[in-house]
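Student:
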Amino acid sequence: MKKSWISRVMLLLGGTLITSLLFLAVISVTYSSFYKQSVLGTNNGIAQNWATSVDSRLNTIYEHVYDLASTIFKKTEVRRDSAAMNYTIQTELQESMTFKVMASSDVTMFFILDTEEDIFVNATSRVVTSSVNAGLKAFLKEYAPTDADSVSNKKWSVVNIMGKPYYYKGLSLGRYVIGAVSECATFAPEPYGDNATGKRTCYVQYEGDNFCVIGDNSTAEFVNFDKRGDYFVKGYAVSTSRLSDSDVGLIFITKPQGLTISGRIASLFLIVDSALCVILIGLLVVNLDKKVRIPIKELVIANEELSDGDLDYRLDVSDAGSSEFEELYGSFNAMSEKIGNLTIESYDLKIKREQNRLKMLRAQMQPHTFLNGITTISNMTYNKAPEEIRKYISDFAAFTRYMLHTATDWTTVEEELKHIDNYVDMQKLRFPNSIELSYDVPEEVQASKIPYLILFSLVENSFKHAMTLVNTMFVKISGEVYEEPGFKGIRLTEEDNGNGFSAEILEKINNPENDEMFTKEHLGLTNVRYSLKLIFNRDDLLRLSNREDGGAHVELLIPFGEYEDETFGM
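Residues in the sequence shown are numbered consecutively from 856, following my numbering.
This is how it looks when you write it as structure tokens:
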């Protein structure tokens, strides 16, 4: 016998309490460590995001510089012994750089320097003062010719211009140096978590030099710039990162604020919290028993009564104990009522199916079928055709056996086609040269299950309405695996070359809202439609139309699924 859920809950709650006490014992030791790790984790995330942002933004500026180099290469000669670019090209490049500066807020200056002549074309950001602009020009005219990379080199360097660090990139293209400078402070990370991690200080490293980009540069006195990773020093959190494929390093420093509560206060809080948890656990057990265990027990009893056949058993919603179980009690009562109604409907449906079975059998097995067979045999005796008589009697016997088959309501497409073949052979003996039958049904479709006599009814309908003794009647049966929205199964098609269907018949049988199931005209088709409705509970599985070149076109859709237990009759 399984243990009560209460003992299991108490065991779990006891374990929870012991775990809380153990946590209380180690919290004083680990509290500070966890806090530092949290700060370093935040710091590291900011440093890595800073590096990623700088990489991305500098790469965008490089693309602009590369585009300027491509323009120069297309517009003018770049060999050192060639002539300098003319004024028109200079003006065009000036406009291009101005547009690029306006498009990129990160750029301080784009420039083009002719190393053979005193030509310096540039465009600067609007925030750059005239004195800074002059200082940048003077520096670049002297520095750029000595530090320019190939066009494919994307590495940036850091230069000190008038006491401020700038990212610098210069591309060498023959007699020209095309490049850009951007103040490092522009790329500094946005203020983040000042209330939690303190004020920020950012350094940029390049070739042994350390440039303070923003913040308190006095931290340079104790920060170990050669150390990598994340660490604490003199109360400061330090995180390092590097630009990809570059010698530029980034250092992010914050001064975390002190802990908001001391370890003792935290421990006292946990003790009080543990005591409250014990009290609340006891209250929880009492409420679980009253509000959960008892209502669940009532639900179990109710389900047992329902499974024993007491469809009138109902739960008192007022005893539910909570709104959730009130909904469950109400759902159970609604389910019990629905089960009772469905049981009644099931019996009614079974009666209707049996009634339909009788109607279908009477419709299919009219006495004239046998009378026509006997009359045909009698007529053959006058013609003294014993072989034809024997053949007809054999076909007629097989036809009768299949029609009287009642062991199951299902058959395969293959068996149904054999029955149709047998029926057509009988009609050919009665009416020579008046009938032609053809098939186009793949083997996988022939193996599919279909309701008994469902396809034969379509062929018999063609014989009744399309056959004449003047012209040969052509009947074609085809099949395929078919899928459309809301349907997956097989589609069987039966066509003839008769007069087709009248507009009235098409409207009557194709209309799902038409309740007039049995009519004297096309009785076989109305029987088929009604049987499909009973078996599959769908009104769209029989589709009638007329062929463009004359004749009837009937589509029969049989869904895939487990329907062999259905009782319907044909």
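For every residue, glycine included, the Cβ atom is placed at its ideal position computed from N, Cα and C.
Count the other C-beta atoms from every protein chain shown that fall within 10 angstroms of the C-beta of S1293, then say buried if there are 16 or more, exposed otherwise.
Tutor: By the 10 Å Cβ count, S1293 comes out exposed.
Student: Can you look up N1196 in the DSSP assignment and give me helix, strand or coil?
Tutor: It is helical.
Student: Can you tell me whether T1052 is buried or exposed, with buried defined as 16 or more other CB within 10 angstroms of its CB?
Tutor: Reliability fails at T1052, whose pLDDT of 48 lies under 50, so the model's placement of it is uncertain and no value is given.
Student: Which whole-angstrom value is the C-beta distance of T931 and I944, which I expect to be below 8 Å?
Tutor: Yes, they are in contact, since the Cβ atoms of T931 and I944 sit about 6 Å apart, within 8 Å.
Student: Decide if T871 is buried, meaning its Cβ has at least 16 other Cβ atoms within 10 Å, or exposed.
Tutor: Exposed, because fewer than 16 other Cβ atoms sit within 10 Å of the Cβ of T871.
Student: State the DSSP-derived secondary structure class of T953, mapped to helix, strand or coil.
Tutor: In this structure, T953 counts as helix in the three-state DSSP scheme.
Student: I need the boundaries of the alpha helix (DSSP H) containing K1388, first residue and last residue.
Tutor: Note, K1388: alpha helix (DSSP H), 1378–1391.
Student: Using the Cα positions of Q903 and K996, report the straight-line distance between them to the nearest angstrom.
Tutor: The straight-line gap from Cα to Cα measures roughly 34 Å.
Student: Just to confirm the assignment, what range does the beta strand (DSSP E) spanning R829 have?
Tutor: Summary: the structure shown does not reach residue 829, with the chain confined to residues 856 through 1425, and so no result is reported for it.
Student: Put L1272 into one of helix, strand or coil per three-state DSSP.
Tutor: Reduced to three states, the DSSP call for L1272 is helix.
Student: Check whether the region 1350–1361 touches the region 1328–1336, counting contact only when three or more Cβ pairs, one atom from each stretch, lie closer than 8 Å.
Tutor: Because the criterion of three Cβ pairs below 8 Å is met, the region 1350–1361 and the region 1328–1336 touch.
Student: Smallest Cα separation from G1176: which of V1088, E1160, D1167, E1153?
Tutor: Answer by Cα proximity: E1153.
Student: What do you get for N1015, buried or exposed, if any count of 16 or more other CB atoms within 10 angstroms of its CB means buried?
Tutor: With fewer than 16 other Cβ atoms within 10 Å, it is exposed.
Student: Bridge partners for P1150 per DSSP, in chain order?
Tutor: Beta-bridge pairing links P1150 to no other residue.
Student: So Y1021 and T963 are in contact, right, with Cβ under 8 Å, and what is the actual spacing, rounded?
Tutor: Contact holds; Cβ gap of about 7 Å.
Student: So which of D961, D973, Y998 has the shortest CA-CA distance to S980?
Tutor: With distances taken between Cα atoms, S980 lies closest to D961.
Student: Return the first residue and the last residue of the alpha helix (DSSP H) that P1241 is part of.
Tutor: Its alpha helix (DSSP H) spans residues 1241–1258.
Student: Are there 16 or more other CB atoms within 10 angstroms of the CB of T1056, so buried, or fewer, so exposed?
Tutor: With 16 or more other Cβ atoms within 10 Å, it is buried.
Student: Using DSSP with H/G/I as helix, E/B as strand and the rest coil, what is T1266?
Tutor: Three-state result, T1266: strand.
Student: Pair every Cβ in the region 1077–1092 with every Cβ in the region 1032–1045, then say whether three or more of these pairs are closer than 8 Å.
Tutor: The region 1077–1092, when compared against the region 1032–1045, does not touch it at the 8 Å Cβ threshold.
Student: Using the three-state DSSP reduction, which class does F1423 fall into: helix, strand or coil?
Tutor: Only weak support is given to the placement of F1423: the predicted model assigns it a pLDDT of 45, under 50, and the value that follows is read from those uncertain coordinates. F1423 falls in the coil class under three-state DSSP.
Student: Counting pairs of Cβ atoms below 8 Å between the region 1298–1315 and the region 1377–1392, do you hit three or more?
Tutor: Contact holds: three or more Cβ-Cβ distances are below 8 Å.
Student: How about Y1278 and F1254: are their beta carbons less than 9 Å apart?
Tutor: Cβ distance < 9 Å, so Y1278 and F1254 count as in contact.
Student: CA-CA distance, I1149 and P1306?
Tutor: Approximately 51 Å, taken between the alpha carbons.
Student: Starting from D1317 and walking both ways along the alpha helix (DSSP H), at which residues does that stretch end?
Tutor: What sits at residue 1317 in the sequence shown is Ser, not Asp. Segment 1309–1321, the alpha helix (DSSP H) holding S1317.
Student: Identify every residue that forms a DSSP beta bridge with H1408.
Tutor: Note: H1408 sits in a beta bridge opposite E1350, S1400.
Student: For F1356, which residues in the same chain have their Cβ closer than 7 Å to its Cβ, ignoring the five residues on either side in sequence?
Tutor: For F1356, where only same-chain residues beyond five positions count, the Cβ hits under 7 Å are L1399, N1401, A1407.
Student: When burial is assigned at 16 or more other CB atoms within 10 Å of the CB, is N1050 buried or exposed?
Tutor: Unreliable placement is indicated for N1050, whose pLDDT of 41 sits below 50; the coordinate value is still reported in the next sentence. N1050 comes out exposed.
Student: How big is the Cα-Cα spacing for D1004 and L1026?
Tutor: Spanning the two alpha carbons is a distance of roughly 5 Å.
Student: Under 9 Å between the Cβ atoms of V1013 and V1103?
Tutor: Contact flag set, yes.
Student: Mind checking E1271: buried by the 16 CB within 10 Å criterion, or exposed?
Tutor: Buried.
Student: In the region 912–965, which residue ranges form an unbroken alpha helix (DSSP H) of at least 4 residues, counting only runs that do not cross its ends?
Tutor: The qualifying runs are 942–958.
Student: Output needed for K1250: all residues of its chain with C-beta closer than 6 Å, excluding positions within five of it in sequence on either side, in chain order.
Tutor: Per the sequence shown, the amino acid found at residue 1250 is Asp instead of Lys. Result list for D1250: N1277, D1280, M1281, in chain order.
Student: Could you name the residues of the same chain whose beta carbon sits closer than 7 Å to that of K1110, not counting the 5 residues immediately before and after it, in chain order?
Tutor: Answer for K1110: G1053, K1054, G1090, Y1091, listed in chain order.
Student: Have a look at G1084 and G1137 and give me their C-alpha separation to the nearest angstrom.
Tutor: Going from the Cα of G1084 to the Cα of G1137 covers about 49 Å.
Student: Rounded to a whole number of angstroms, what is the C-alpha to C-alpha distance between D1171 and L1131?
Tutor: The alpha-carbon atoms of D1171 and L1131 are separated by roughly 36 Å.
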